[in-house]
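Novice: Before anything else, here's the structure in question.
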Amino acid sequence: MDDTLAVAVHAARKPEPSAGGAVPALRMPVTGGGNSTGVRRAVFSWSLEAGAYLTELSLAAFAVLIHRYSGQNDIALGRVLDPAGVAVIRSRVGTDTCLADLAASLEQQPRPRGTADLGNGLRVGFLSGSGSGQIPAISRDFDLLLEVAPAARFTLHYDPDRFPHEVVSRMAANHQALLLDGARRPHAPVHELNLSERETRFLLEEATATARPYPRDTSLHSHIEAQAARTPDAPAVEWRGTVLTYRELDATANRIARALLAHGVAPGARVGVSTARTHHTVCLLLALHKAGCAYVPLDPAYPADRLTGIAATAGMTAVVLDDPAGAGEWLHTVGATPLPWSELWEKARGERPDPVDVAVSPESATHMIYTSGSTGLPKGVVISHRNVVALLAWAWDTYDQQDVSRVLFATSLNFDLSVFELWCPLTMGGCVVVVDNVLALTEDPGLRPSLVNTVPSALNVLLQRSAVPPSTVVLNVAGEPLARELVNAAFDSTSARRVFNLYGPSEDTTYSTWKCFTGPLTDQPTIGVPLPNTVAYLLDPAGRPVPRGAIGELHLGGAGLSTGYINDPERTAAAFVPTPARLAHPGVNTLYRTGDLAQWTEDGELRFMGRKDTQVKVRGFRIELGEIEAVLREAVGLRDVAALAVRRGDDTLLVCHVGLEGDPVTVDTMSAHLRRKLPHYMQPAKIVVEDRLPRLPNGKVDRKALAARTVDWGTADGTGYAGDDPDETVVARVWTDLLGLSRLAPDLDFFSVGGHSLLATLLAARLGDESGATIRVADIHENRTLAAQAALLRRARERTPAGQSATDTATRLRAVARTLHESAHGHGVPAAAAAVYADGTLEFTYHGTDDTETGPARSAASRQRVTCVTKALLAFVALRLVDRELIGLDDPLDGHLPQAFVRRDGRTVSVTLRQLLSHTSGIDDSYEVWHDTDHQDLAHYLATFRAYGQLFEPGEVFAYSACATSIVAGLIEKLLGMPWRRALNELLLTPLGIQEIPESGTAEAHYGDVSTGYLWSETSGRYVRHAPGPQTIADDAAGSFSICLTLPELARIALLALNDGVTESGERLLSAELAEQMRTPQIDVPGHHFMHAWGLGWLMFGPTAFGFNSNGSGHHNFIQIFPEERSFLLLLANAYPAFGLYEDLLRAFTGEGLIRTGRGFGMELDDCVGVYASDGYRLEVLPGPERLRYAYSERRRDGGWQLLDEGDLVSSGAGGFTSMSQKNVLAGSISFIPTPGTGTPGFVRIGQRFTRKVR
């Protein structure tokens, strides 16, 4: 016997026990039923009746406890005899063993003196002590030791590293319960003795209290029909750019259902599905349900023998497939009617779109999933409508509409994860995004899923490839044990807010237990708790519930449980067993024996602990190793066969060990036979031939010995790779990294030495990095050998001209489109629109709804407030007046608008139009000017500027004015004798074909059809609605210059700037000479190429002109023009702030962020320290250890200062600084400007505001 106890422990034993330290102990006074005296009497009475000592009775109860916790019928315990002696005693229990007999057998065993070797496993012992608290030193060698003292006093001594206190406390209570029940029933079988009332209540009541109401008498498709009625025009299915709305999906499915019935497919039939994976797949499956049929997935890639077996056992009457002629002999041998999809589709197009009149029972089958079988034949699990609806009822309560807005339908229909991916979103108003498999994310980031449902091994590849899009907010992980490190990596490198660990066999409809994580983990994850209406029991071999902390076989029952395997009563009876009477639970008459081992944790959750048989999970595929062995034995007459799942790095691979003993069977023969019989995921990565396999004493193959052997993954002949081809060397290096191979040959097949679909994805990425070109996963499958992949590298390089990126214009445009959806969704922006222009191609992308309550989708007709664009448009109109010679570019402006240029001291400031248009300028955001007073017209407003302390600064080379827009607008009105809005319409907007703006300043005139604005709320952590105010100067001077444009209109303006004042029709609105003069800014302020680097002259700035505006309306707009590349990027977002969204777009388009290369800083950090103030604002710059600190304040009406923000100033590398704070009030942009003629700062630019250094 193996003396190793299987009791679950918290951690491994430390190599050296602490010498002389105290051993934690838990004293256990015997109690029970509130009458400890009566209980003690019962124990002593039994001891007298049985003629046994209390110690023997206590030892017997302790042995039963360990039997229960280990699940073993034959165990070894240590009995401390004296300070230096331990005897090993055996405890064996059978079906009828009672506590009295067990106590007698333990007492009769010999007690040799000396120290016995208990091995390296768990050490459990027993001591008859004094109760003084002093125990022999040798007792410290035990992990768990029961001490029995006179007067029925018990103490459990334990290793706290292996047994947490709460676990020992529960074991102590269970020991008492077993002892007391045994005292009352000394001749009852020990497996019937009761655990503590608290333990029993948890196992039989609390852990199974999962009943919840759900629509158990409804069909699956009725819920999709109801959703179609609620949201008929919402997207339901998407495949490669084709989108079906719910109305279209429902109508199409109705048509196909009628066509199926017309072809003679009767309700209740089982119909095979073997078609290409498209949007039509979803329509077909829904149609089968509507027609009362069940679908049976038939993967065309499966071997013909396997398809024949599935079709025969399923009893299919028809098979829908793309090409009956290409199906092979298997279709003709099973007698099912072939239904070519093209004919069925053509028939369906002529049918009516209204629902078919077919009554479907909730017990009717929806589909069958075939799983691996140990006998060599797969098993068909029958799933009903009621089963699926029970699963969906949990999903409806667990996920919200945003979670399922775009669910990736990536799993093959042959596997049960597809059930969730299909029907969960379609019953919640989400969209099913159809792809071939989840690895499509590595090649098409435009899929934009909100939820990805996959297996851990595939998620690991996605994370390595950084292929989980920002749009993904939920990750469902199932099919394999989930490691803590993978959960943490998912939170570290994706936008996922929740990661679900989902467990469940196909026999219980996809998911049986669940656990949701919202952040990184410190402990290994559990599989959580049962789904509503699912019960879980952990039973020992006798069918008894194991105590919490012990390991038992997981049995499942409830609403999701299948009725069994189709046409397979023998295997159904073995796996689906009657619920034991002791576990009676309403409505749960059958339990499924999963073969999985688990334990209940202290928190009432389930922890997966492995398998009790040879079933394994490889990359999420459920595989019975016995099926692989059976196929080999039946084919080539082999008797000595053992299949194993072995770890290699982070991967799990199948290895077959074959003992030939002289049989003339080659590895190629065996591999060919396996390919004919088994699907690709069951093919061994390696077949190892040996003379004979190691055996245990009982004659069985010693699998542990095989697992311990090192597998040679190199070439069979050991010739190695010694070629001179540099591309083969590159491929060989990548193979070595991915496969761990030591010897390679040019003709070696990647998939014959451990390569598989997941590794092929990583290989494609690595080879793409090496070649600078795009390598597809399909290329790897088409070029399997090392030499072929080296040739693939050469061809990829040849396709990419020297100096040119493999990313072409079309790819850049698609990247922007994909990123807009992903990033807007990830950042929670309700609506956004982007325009990108490159190489003469202009593309628009729209996302979301302009109003989250009324729901109009963002489109080309959506209008948005673009306040700061007005100053650029007015600058353009002013330049047109220069072309008309109504004013000179270098004429002083004070002669035209004297009221605007008088300072507080009475001095008149002289400023030219060139100076005013040559640098950045905000929209009149002066604290002193617009906070208090409304003005009857622009002239009266300009007259108030003398009260504005900082009208023009710094003032020598350029003229900065926070009120420049008003000055230019006033100049236009003075020179043309018309309101500036009318001048803007006539001289610019109308020639560009842009809708005229209203001349009225009322809110109704401007905001009647504008997109709703949303402002970020720190308190609620989301964007909240904002109702725009009237366009008056008193409310907000910026608002008085606000105009509203659509994205195509803004794009026309950007094209005008890119073309130096020439319209798309070829009309020149600005002279070439003037356009050339205005193309270069007159001063280079540090940080100019970061943010806010656009002003009245932004249209002409080069080499990069960038501008954005944010305002109280909750809109955020970005315009960036790249004159040298003749391209631009525009973003209109109806939420503020949207910096993160624009940053993502910019990186997708250019590969760079907002901070771009500029000239160096050129000043010492200490010179920047000081106080800068004007215009009601103050910036205090403080020294820091490696960077500057700042505090930014606004003057209150009582004269004091209100702190707005504080944080660090970090050099941006663009001649300026980036503010780093949680609030980010300064929007990231601060630049120090030297006083003319000096090298020390005299001013600081804070966004669109300049302040002077005052100390």
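By UniProt numbering, the letter at position 1101 of the sequence shown is numbered 1101, and the numbering carries on one by one without gaps. Backbone N, C-alpha and C fix where the C-beta goes; we use that ideal spot for every residue, glycine too. Keep in mind the model is a prediction, meaning the values are calculated, not measured.
1) Count the other CB atoms within 10 Å of the CB of Gln-995; is the residue buried (16 or more) or exposed (fewer)?
2) DSSP three-state call for Tyr-399: helix, strand or coil?
3) Anyone know if the C-beta pair for Leu-1129 and Gln-864 falls short of 8 Å?
4) According to the neighbour-count rule (16 or more other Cβ atoms, all chains shown, within 10 Å of its Cβ), is Ala-1093 buried or exposed?
5) At the level of alpha carbons, what is the spacing between Thr-55 and Asp-217?
6) With distance defined between alpha-carbon atoms, name the residue in Asp-596, Arg-1147, Arg-198 and Thr-526 nearest to Glu-507.
7) Note down the Cα distance separating Asn-476 from Arg-240, rounded to an integer number of angstroms.
8) Please confirm if the stretch 535 to 545 is in contact with the stretch 219 to 234, defined as three or more CB-CB distances below 8 Å between the two stretches.
9) Answer with buried or exposed for Ser-859, where buried requires no fewer than 16 other C-beta atoms within 10 angstroms of its C-beta.
10) Where does the unbroken beta strand (DSSP E) through Val-577 begin, and where does it stop?
11) Measure the Cβ-Cβ separation of Leu-893 and Leu-916 and say whether it is below 8 Å.
12) Taking Cβ positions, are Ala-294 and Ala-318 nearer each other than 8 Å?
13) May I have a chain-ordered list of the beta strand (DSSP E) segments no shorter than 3 residues that lie completely inside the stretch 562 to 647?
14) Would you report the Cα separation of Gly-922 and Leu-881, rounded to the nearest angstrom?
15) Any chance the stretch 558 to 573 sits against the stretch 237 to 253, with 3 or more Cβ pairs inside 8 Å?
16) Comparing C-alpha positions only, which one of Lys-612, Gly-430, Ala-550 and Ile-1053 sits nearest to Thr-601?
17) Would you mind reading off the limits of the beta strand (DSSP E) that contains Cys-656?
18) Provide the residue span of the alpha helix (DSSP H) that contains Cys-283, from first to last.
19) Thinking C-alpha only, which one of Gly-429, Arg-258 and Leu-521 is nearest residue 1337?
20) Could you pull the start and end residues of the alpha helix (DSSP H) that Arg-140 belongs to?
21) Give me the residue from Pro-456, Gln-402 and Leu-339 with the minimum Cα distance to Arg-448.
22) Give the C-beta separation of Val-877 and Leu-984 to the nearest angstrom, bearing in mind that I take them to be a contact with Cβ-Cβ under 8 Å.
23) Kindly provide the ranges of any beta strand (DSSP E) runs that are 3 or more residues long and lie completely inside the stretch 812 to 846, ordered along the chain.
24) So, using beta-carbon positions, are His-657 and Ala-672 closer together than 8 Å?
25) Nearest CA to the CA of Ala-61: which residue from Val-382, Tyr-158, Thr-710 and Ser-105?
26) Please state the DSSP three-state secondary structure of Asp-332.
27) Among Leu-792, His-781, Gly-1066 and Thr-579, which one has its Cα closest to the Cα of Pro-991?
28) Where in the stretch 188 to 241 do unbroken runs of the alpha helix (DSSP H), each at least 4 residues long, occur, reported from the N-terminal end onward?
29) Using 10 angstroms around the beta-carbon of Gly-20, count the other beta-carbons present and answer buried if the total reaches 16, otherwise exposed.
30) Tell me which residue opens and which closes the alpha helix (DSSP H) that Thr-965 is part of.
31) Are the stretch 837 to 845 and the stretch 962 to 978 touching, with three or more C-beta to C-beta distances below 8 Å?
32) Excluding five sequence neighbours on each side, which residues of the same chain lie with their C-beta closer than 6 Å to the C-beta of Val-167?
33) Could you tell me the distance, in whole angstroms, from the CA atom of Met-682 to the CA atom of Ala-630?
34) CB Gln-789 to CB Leu-759, shorter than 8 Å?
35) Using a Cβ distance threshold of 8 Å, determine whether the stretch 303 to 317 contacts the stretch 249 to 256, with at least three qualifying pairs required.
36) Using a Cβ distance threshold of 8 Å, determine whether the stretch 478 to 492 contacts the stretch 510 to 526, with at least three qualifying pairs required.
Specialist: By the coordinates alone:
1) The sequence position of residue 995 within the sequence shown is 995, counting from 1. It is exposed - the Cβ of Gln-995 has fewer than 16 other Cβ atoms within 10 Å.
2) Translated into positions along the sequence shown, residue 399 becomes position 399. Three-state result, Tyr-399: coil.
3) Translated into positions along the sequence shown, residue 1129 becomes position 1129. Translated into positions along the sequence shown, residue 864 becomes position 864. With a cutoff of 8 Å on beta-carbon distance, Leu-1129 and Gln-864 are scored as not near each other.
4) Numbered from 1 along the sequence shown, position 1093 holds the residue referred to as residue 1093. Any answer about Ala-1093 is weak, because its pLDDT of 31 lies below 50 and its placement is not dependable; what the coordinates show is given next. Classification for Ala-1093: buried.
5) Here the question's residue 55 lines up with position 55 in the sequence shown. Here the question's residue 217 lines up with position 217 in the sequence shown. Approximately 58 Å between the Cα atoms of the pair.
6) Along the sequence shown, one-based indexing puts residue 507 at 507. For Glu-507, the nearest C-alpha among the options comes from Asp-596.
7) Mapped onto the sequence shown, residue 476 falls at position 476. Mapped onto the sequence shown, residue 240 falls at position 240. Each residue's Cα considered, the two are about 23 Å apart.
8) With fewer than three CB-CB distances shorter than 8 Å, the stretch 535 to 545 does not count as touching the stretch 219 to 234.
9) Here residue 859 corresponds to residue number 859 of the sequence shown, with the count starting at 1. Here Ser-859 is exposed, its C-beta having fewer than 16 other C-beta atoms within 10 Å.
10) Locating residue 577 in the sequence shown gives position 577, where the first residue counts as 1. Membership of Val-577 in the beta strand (DSSP E) is indicated by the continuous run 576 to 578.
11) Translated into positions along the sequence shown, residue 893 becomes position 893. Translated into positions along the sequence shown, residue 916 becomes position 916. A contact, by the Cβ cut-off of 8 Å.
12) For this step, residue 294 is matched to residue 294 along the sequence shown. For this step, residue 318 is matched to residue 318 along the sequence shown. It is not a contact, given that the beta carbons lie outside the stated cut-off.
13) Unbroken beta strand (DSSP E) stretches of 3 residues or longer found wholly inside the stretch 562 to 647: 576 to 578, 590 to 600, 606 to 611, 615 to 618 and 621 to 624, given in chain order.
14) Within the sequence shown, numbered from 1, the residue matching residue 922 stands at position 922. Within the sequence shown, numbered from 1, the residue matching residue 881 stands at position 881. Legend: pLDDT at Gly-922 = 39, less than 50; position of this residue unreliable, no value from coordinates given.
15) Contact between the stretch 558 to 573 and the stretch 237 to 253 is absent, because fewer than three Cβ pairs lie under 8 Å.
16) Residue numbering aside, residue 601 sits at position 601 when the sequence shown is read from its first letter. Ranking Lys-612, Gly-430, Ala-550 and Ile-1053 by Cα distance to Thr-601 puts Ala-550 first.
17) Counting from 1 along the sequence shown, the entry for residue 656 is found at position 656. Its beta strand (DSSP E) spans residues 651 to 659.
18) Numbered from 1 along the sequence shown, position 283 holds the residue referred to as residue 283. Counting along the chain, the alpha helix (DSSP H) containing Cys-283 begins and ends at 279 to 290.
19) Summary: the structure shown does not reach residue 1337, with the chain confined to residues 1 through 1255, and so no result is reported for it.
20) Working through the sequence shown from its first residue, we reach residue 140 at position 140. In the DSSP assignment, Arg-140 falls outside any alpha helix (DSSP H), carrying neither H nor E.
21) Locating residue 448 in the sequence shown gives position 448, counting from the first residue. The option with the nearest alpha carbon to Arg-448 is Gln-402.
22) Translated into positions along the sequence shown, residue 877 becomes position 877. Translated into positions along the sequence shown, residue 984 becomes position 984. Indeed, because the Cβ distance is near 6 Å, the residues count as touching under 8 Å.
23) List check, beta strand (DSSP E) in window: 831 to 838.
24) On the sequence shown, position 657 is the one that residue 657 refers to. On the sequence shown, position 672 is the one that residue 672 refers to. Cβ distance not < 8 Å, so His-657 and Ala-672 don't count as in contact.
25) Along the sequence shown, read from residue 1 onward, the residue named residue 61 stands at position 61. By alpha-carbon distance to Ala-61, the top candidate from Val-382, Tyr-158, Thr-710 and Ser-105 is Ser-105.
26) Position 332 of the sequence shown holds residue 332. For clarity, residue 332 is His in the given sequence; the question names Asp instead. Helix, per DSSP.
27) Here residue 991 corresponds to residue number 991 of the sequence shown, with the count starting at 1. Nearest of Leu-792, His-781, Gly-1066 and Thr-579 to Pro-991, Cα basis: Gly-1066.
28) Runs found: 197 to 201 and 220 to 230.
29) Sequence index remark: in the sequence shown, residue 20 carries index 20 (1-based). Low confidence applies here, because Gly-20 scores a pLDDT of 35, under 50, leaving its location unreliable and the question unanswered by this model.
30) On the sequence shown, residue 965 is found 965 positions in, with the first residue counted as 1. Start and end: 964 to 976.
31) Result no; under three Cβ-Cβ pairs closer than 8 Å.
32) Working through the sequence shown from its first residue, we reach residue 167 at position 167. Here the set comprises Gly-549.
33) What you label residue 682 is simply residue 682 of the sequence shown in a count that begins at 1. What you label residue 630 is simply residue 630 of the sequence shown in a count that begins at 1. Using only the alpha carbons, I get a separation of about 13 Å.
34) On the sequence shown, residue 789 is found 789 positions in, with the first residue counted as 1. On the sequence shown, residue 759 is found 759 positions in, with the first residue counted as 1. No. Outside cutoff.
35) Verdict: no, contact absent.
36) Judged by Cβ distances under 8 Å, the stretch 478 to 492 makes contact with the stretch 510 to 526, as three or more pairs qualify.
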